[in-house]
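Taking it in order: structure first as structure tokens, then the write-up.
Protein chains: 4
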Amino acid sequence: MAGYEPHKEDVIRRLRRIEGQVRGVQRMVAEDVYCIDVLTQVSAVSAALQSCAVTLLDGHLGSCVTEAIAEGGDAAKAKVDEATKAIARLIRA
Amino acid sequence: MAGYEPHKEDVIRRLRRIEGQVRGVQRMVAEDVYCIDVLTQVSAVSAALQSCAVTLLDGHLGSCVTEAIAEGGDAAKAKVDEATKAIARLIRA
Amino acid sequence: MAGYEPHKEDVIRRLRRIEGQVRGVQRMVAEDVYCIDVLTQVSAVSAALQSCAVTLLDGHLGSCVTEAIAEGGDAAKAKVDEATKAIARLIRA
Amino acid sequence: MAGYEPHKEDVIRRLRRIEGQVRGVQRMVAEDVYCIDVLTQVSAVSAALQSCAVTLLDGHLGSCVTEAIAEGGDAAKAKVDEATKAIARLIRA
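These protein sequence lines are chains G, P, E and S, in that order. Using the working numbering, the letters of the first sequence correspond one by one to residues 1 to 93. Using the working numbering, the letters of the second sequence correspond one by one to residues 101 to 193. Using the working numbering, the letters of the third sequence correspond one by one to residues 201 to 293. Using the working numbering, the letters of the fourth sequence correspond one by one to residues 301 to 393.
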């Protein structure tokens, strides 16, 4: 079971919305919409995507990582390291 | 004419690829793929989107802003201010 | 005890280096160094700071959050929520 | 003359404040302040730094890039390319 299980429908719904937004940006570009308006929309999509990532991360920490820690042992430390690396990729550190 | 005109096909092609990636992330979530793998893919989509934004911005500076400046007058300053605001939104300053 | 305890000296050393870099940027500005060179240095400081944040976060997850989860109860969930909010601030979602 | 000349004093003043904030973070770490409080402060410093970068970029576009374009020739295109690369580094695309 994935850590985002309780938010699964919500996440899929938001990703579907993001997909629609990306399609909208394609249309804007195809129709030669003014660059700045396209960029504003790209910024909005980017923020929506990051917000999705935070929800996934929250589910992961509250479920998969929590379970690994509750079980104890080396698996816990490995889970935390893995989560930190995912966070680092998100903030592009 | 939009500033990204010379890169129009390339930008649309990349946005179409991003749309496919977002659809792929939906599928991953629907199939309960492990959170970290979903997050890795979300990071990749996010980077692809930012890279698209840089291409749009480059076209905008090299075309719309350049023309406004070449024409001179108050329009030039307004264009630069507008571009700076778009950049600030992208880096979420 | 803070979660970054095992990395305390390393973090302080890196922050001291960042402080020196910020002072260096001030000097660059005072001496009218070319904008792009100043911006390159600001990007480097920004990356160093984010990398510090990842180290602090790693320590927090591996220590404070891990302990709260091992103890169980409501405190664990609160700790995860708090960590997620800190991560969201870092990636400015 | 640097593009940030009109904002020089303001930028130096803000960088000095950032330097003080970084020193404050060192003190927090030295005094074992709670990780999340340290991270909140690191996020604030990071945002202040990005905001400084936007001011520098604005000055650069409105001055150095504007002048290169007004003069025309190949130098204009090179200046725009250079600015785009600096922006890409800032948004880590």
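Even for Gly, the Cβ is constructed at its ideal location relative to N, Cα and C. Computed from a predicted structure; not experimentally measured.
Interface partners of residue i on chain S, CB under 8 Å
{"i": "Q250 (chain E)", "result": "S346"}
{"i": "V280 (chain E)", "result": "Neighbours of V280 (chain E) on chain S: none; closest Cβ ~12 Å, over 8 Å."}
Coil, strand or helix - residue i by DSSP
{"i": "D132 (chain P)", "result": "coil"}
{"i": "G173 (chain P)", "result": "coil"}
{"i": "R292 (chain E)", "result": "coil"}
{"i": "A302 (chain S)", "result": "coil"}
Contacts that residue i makes with chain P (C-beta to C-beta distance below 7 Å)
{"i": "T384 (chain S)", "result": "V154, L157, D158 and L161"}
{"i": "K377 (chain S)", "result": "G162"}
Neighbouring residues, chain E, relative to residue i (Cβ below 7 Å)
{"i": "L303 (chain S)", "result": "Sequence check: residue 303 (chain S) is Gly here, not Leu. Residues of chain E passing the Cβ test: C235."}
Listed by chain order, chain E residues near residue i by CB distance under 8 Å
{"i": "T66 (chain G)", "result": "I269, A276 and V280"}
Beta-carbon neighbours of residue i, restricted to chain P and to distances below 8 Å
{"i": "Q26 (chain G)", "result": "I112, L115, R116 and E119"}
Amino acids of chain G, ordered along the chain, whose beta-carbon sits closer than 8 Å to that of residue i
{"i": "L239 (chain E)", "result": "Neighbours of L239 (chain E) on chain G: none; closest Cβ ~17 Å, over 8 Å."}
Per-residue contacts from residue i into chain G (C-beta, under 7 Å)
{"i": "A288 (chain E)", "result": "V54"}
Are the segment 202-209 of chain E and the segment 305-320 of chain S in contact at 8 Å, needing three or more beta carbon pairs? no
I want to know whether the segment 362-373 of chain S touches the segment 161-174 of chain P - three or more CB-CB distances under 8 Å. Here the segment 362-373 of chain S makes contact with the segment 161-174 of chain P; the two share three or more CB pairs at distances below 8 Å.
Contact between the segment 42-57 of chain G and the segment 148-160 of chain P: three or more CB pairs below 8 Å? yes
Counting Cβ pairs closer than 8 Å, one from the segment 175-185 of chain P and one from the segment 114-133 of chain P, do we hit at least three? In the pairwise beta carbon analysis, the segment 175-185 of chain P is classified as not touching the segment 114-133 of chain P: fewer than three pairs are separated by under 8 Å.
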